[in-house]
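What follows is the structure, given as structure tokens:
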């Protein structure tokens, strides 16, 4: 009986040791979706809530790119904004119009620039002049669903190898809030019309259907776009690239010098009253 008890105790001890060792083993992240999701949430939260510009990743900060002073006031046209909707396009439109330039803001004639550009390229025609050769500036190419600044950058370069590009920035939390509530009240009245919902279902390069479920996924998409634009300009240095934080200070002075327009022409426009004055730019 005593021998049998010793055997039972010995087996029990072995089981305890094995169990403890098993519990001490690290759980692979790939086998733990909850752990992986928690890690992504922490990382995304840091990026989105980090509104101090200097602490943002480089792809979320406007870089002070050198433009030769000899080009001030004579930058090659057209001026093409490669930024996203609700990131200063309305303010850019007001700025150029105030300066006496003929500027297009998402509409080229009686249709969306995006639709016109898509049709032109599909027929082997130049993307911009086909939709308005009289325009000095195109401050928003997309229609919220189709993005020529992503899909047709090569075609724009071939047509205008010296065009001056602009790339606008703002805080990601504010931008996500903006696209999630534009047009005003659509999120309550007609959710499919909301810009963020249209973008999620549009199958945009870098943002396939199903992506864009939160601010973090939109942030990664925007970050990739910024990196692509910077690499494109590095590959084709004939393009000037002006990066602009629309929420920064001194934009009027800087843009005024670059384009030969008085600084007072710069100002914020297109606010959404439903967001308590949140700038819908």
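In mature numbering (1 follows the signal peptide of the UniProt record, and there is no 0), the protein residues as written are -23 to -1, 1 to 258. Built from N, CA and C at the ideal position, the CB exists for glycine as well.
- For residue 166, the enclosing alpha helix (DSSP H) covers residues 163 to 166.
- For residue 140, the secondary structure class from DSSP, reduced to helix, strand or coil, is coil.
- The stretch 143 to 157 makes contact with the stretch 52 to 59, as at least three CB pairs between them are under 8 Å.
- Cα atoms of residue 89 and residue 46: separation of roughly 35 Å, rounded to the nearest angstrom.
- Annotation: the continuous alpha helix (DSSP H) that includes residue 155 extends over 149 to 156.
- Its chain contains 121, 156, 159 as the residues whose beta carbon lies nearer than 6 Å to that of residue 172, once the 5 sequence neighbours on both sides are disregarded; these appear in chain order.
- Residues of the same chain with a CB within less than 8 Å of the CB of residue 168, apart from the 5 flanking positions on each side, are 174 in chain order.
- DSSP assignment within the stretch 63 to 98 yields the following whole beta strand (DSSP E) runs of 3 residues or more, N-terminal first: 80 to 82.
- When the five nearest sequence neighbours on each side are left out, the beta carbons in the same chain lying within less than 6 Å of the beta carbon of residue 141 are those of 52, 53, 56, 217, in order along the chain.
- Runs of beta strand (DSSP E) with 3 or more residues, each lying fully within the stretch 33 to 67, are found at 56 to 58, listed in chain order.
- DSSP places residue 117 in the uninterrupted beta strand (DSSP E) bounded by 114 to 117.
- For residue 234, the three-state secondary structure derived from DSSP is helix.
- Here the C-alpha atom of residue 131 lies approximately 11 Å from the C-alpha atom of residue 210.
- Distance from the CA of residue 164 to the CA of residue 48, rounded to the nearest whole angstrom, comes to 44 Å.
- With contact defined as three or more Cβ pairs closer than 8 Å, the stretch 96 to 113 and the stretch 176 to 188 are not in contact.
- Residue 34 and residue 66 have their alpha carbons spaced roughly 23 Å apart.
- For residue 219, DSSP records a beta bridge to 143.
- A check of alpha carbon separations from residue 244 across 29, 72, 79 identifies 72 as the nearest.
- In the structure shown, the three-state DSSP call for residue 130 is helix.
- Under the three-state reduction of DSSP output, residue 105 falls in the coil class, being neither helix nor strand.
- Inclusion of residue 229 and residue 241 in the CB contact set at 8 Å is warranted, their separation being smaller than that value.
- Nearest neighbour of residue 205 by Cα position, chosen from 118, 36, 29, 149, turns out to be 36.
- Secondary structure note for residue 191: it is in no alpha helix (DSSP H), with a DSSP letter that is neither H nor E.
- Taking 8 Å as the cut-off, the Cβ atoms of residue 192 and residue 153 count as close.
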